[in-house]
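Taking the working numbering, the leading residue of the sequence shown gets 30, the next gets one more, and so forth.
Inspection log for the structure reproduced underneath, given as structure tokens.
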Amino acid sequence: PRTIVHGVNDGELRAEDRIVSCASTTTHALALMLKVLDEAVGVRRAMMTTVHAYSSDQKLSDTITPNLRRSRSAAQNLIPNWTWSPSVVETMMPHLKGKIDGIAVNVPVPNGSNLDLSLQLGQALDKEAVNAVVKQATAGPLGRYLEYSDEPIVSSDVIGNAHSAVFDSLATIALGGGLVKTITWYDNGWGYAARILDTVSTLGAFTVEEVQR
Numbered sequence: 030p031r032t033i034v035h036g037v038n039d040g041e042l043r044a045e046d047r048i049v050s051c052a053s054t055t056t057h058a059l060a061l062m063l064k065v066l067d068e069a070v071g072v073r074r075a076m077m078t079t080v081h082a083y084s085s086d087q088k089l090s091d092t093i094t095p096n097l098r099r100s101r102s103a104a105q106n107l108i109p110n111w112t113w114s115p116s117v118v119e120t121m122m123p124h125l126k127g128k129i130d131g132i133a134v135n136v137p138v139p140n141g142s143n144l145d146l147s148l149q150l151g152q153a154l155d156k157e158a159v160n161a162v163v164k165q166a167t168a169g170p171l172g173r174y175l176e177y178s179d180e181p182i183v184s185s186d187v188i189g190n191a192h193s194a195v196f197d198s199l200a201t202i203a204l205g206g207g208l209v210k211t212i213t214w215y216d217n218g219w220g221y222a223a224r225i226l227d228t229v230s231t232l233g234a235f236t237v238e239e240v241q242r
């Protein structure tokens, strides 16, 4: 199986691939931000929390399941949850293995999520410099997947946005020593569907001869 994050490793898709995963919405947002900042100044370590809309496998009222937290009403609680996004990103960026971790918190909104990412950068940057790095990245090919925003957006504002992540420049925090926090927003349904279409389009461009080799 091959796991793809567009804008990060989609160039690895091959005609002979038979099982392809588009990872997850959170993985796309995480990988894009790590790629941009790591290529600019280096990332020493990172911790993430995805504040995620509740999902279809959650219960709308309290019930009994082996996972006691996931047994609680999704519409009435903030529910801590695990996420495999850091481990997936580590396979794409082996030099960051053991340096990324994180959790999820499912919240009572039906759509619209964000990624709260804290990083120790390879060099100290102030808020303006961090924002400038991301803005420059979105001006190139990566802008298809990562959008830069200087508006006071909230979760419902990104519903229907086909980008993998919308960088919230107003939320950036930078302390001395290279410690930085960023926020990116994403539509956890539509944005992911757009990446599936991108994957199908890439695979569809291979010739029959290439696929049958």
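All C-beta atoms, glycine included, are put in the ideal place defined by N, C-alpha and C.
For residue i, which of helix, strand or coil comes out of DSSP?
{"i": "Trp214", "result": "strand"}
{"i": "Thr54", "result": "helix"}
{"i": "Thr228", "result": "helix"}
{"i": "Ser184", "result": "helix"}
{"i": "Leu204", "result": "coil"}
{"i": "Asp67", "result": "helix"}
{"i": "Ala60", "result": "helix"}
{"i": "Ala75", "result": "strand"}
{"i": "Ala223", "result": "helix"}
Go to residue i, then tell me how far its beta strand (DSSP E) extends in each direction, as first and last residue.
{"i": "Pro109", "result": "108 to 110"}
{"i": "Leu146", "result": "142 to 150"}
{"i": "Phe235", "result": "Unbroken run through Phe235: none, as it is neither H nor E."}
{"i": "Ala191", "result": "Unbroken run through Ala191: none, as it is neither H nor E."}
{"i": "Leu254", "result": "Residue 254 lies beyond the range of the chain shown here (30 to 242); nothing can be said about it."}
Ends of the alpha helix (DSSP H) at residue i?
{"i": "Asn38", "result": "Run containing Asn38: none; DSSP gives neither H nor E here."}
{"i": "Asn160", "result": "156 to 167"}
Taking the alpha-carbon positions, what's the residue i to residue j distance?
{"i": "Leu63", "j": "Asp197", "result": "15 Å"}
{"i": "Leu199", "j": "Asp91", "result": "37 Å"}
{"i": "Glu119", "j": "Arg31", "result": "14 Å"}
{"i": "Ile182", "j": "Ile188", "result": "11 Å"}
{"i": "Glu157", "j": "Val72", "result": "18 Å"}
{"i": "Ala69", "j": "Leu154", "result": "11 Å"}
{"i": "Ser102", "j": "Ser178", "result": "33 Å"}
{"i": "Asp46", "j": "Gly205", "result": "45 Å"}
{"i": "Leu171", "j": "Ile93", "result": "44 Å"}
{"i": "Trp111", "j": "Val134", "result": "8 Å"}
{"i": "Arg43", "j": "Thr231", "result": "9 Å"}
{"i": "Thr211", "j": "Lys126", "result": "21 Å"}
{"i": "Val138", "j": "Ala104", "result": "7 Å"}
{"i": "Gly131", "j": "Trp113", "result": "8 Å"}
{"i": "Ile202", "j": "Asn160", "result": "10 Å"}
{"i": "Met121", "j": "Asp39", "result": "11 Å"}
{"i": "Asp227", "j": "Leu89", "result": "33 Å"}
{"i": "Ala223", "j": "Ala166", "result": "20 Å"}
{"i": "Lys128", "j": "Leu66", "result": "14 Å"}
{"i": "Ser50", "j": "Asn190", "result": "21 Å"}
{"i": "Ala168", "j": "Ser147", "result": "23 Å"}
{"i": "Gln87", "j": "Pro123", "result": "33 Å"}
{"i": "Val229", "j": "Leu175", "result": "20 Å"}
Thinking C-alpha only, which one of the options is nearest residue i?
{"i": "His192", "options": "Ser142, Thr211, Leu150", "result": "Ser142"}
{"i": "Met33", "options": "Phe235, Ala234, Ile225", "result": "Met is not the amino acid found at residue 33; the sequence shown has Ile there. Among Phe235, Ala234, Ile225, the Cα nearest to that of Ile33 belongs to Ile225."}
{"i": "Gln149", "options": "Gly207, Pro139, Leu107, Trp113", "result": "Gly207"}
{"i": "Val195", "options": "Val209, Lys210, Val163", "result": "Val163"}
{"i": "Asn106", "options": "Thr201, Val80, Asp130", "result": "Val80"}
{"i": "Met8", "options": "Leu175, Ser116, Arg98, Glu176", "result": "It is not possible to answer for residue 8, since the shown part of the chain is limited to 30 through 242."}
Within 7 Å: the Cβ of residue i and any heavy atom of the ligand HEM?
{"i": "Arg101", "result": "In terms of ligand content, the structure shown is empty, and the ligand HEM therefore cannot be addressed."}
Exercise for the section: Could you tell me which uninterrupted beta strand (DSSP E) segments, each at least 3 residues in length, are contained entirely in the segment 83 to 130, listed from first to last along the chain? Expected result: 108 to 110
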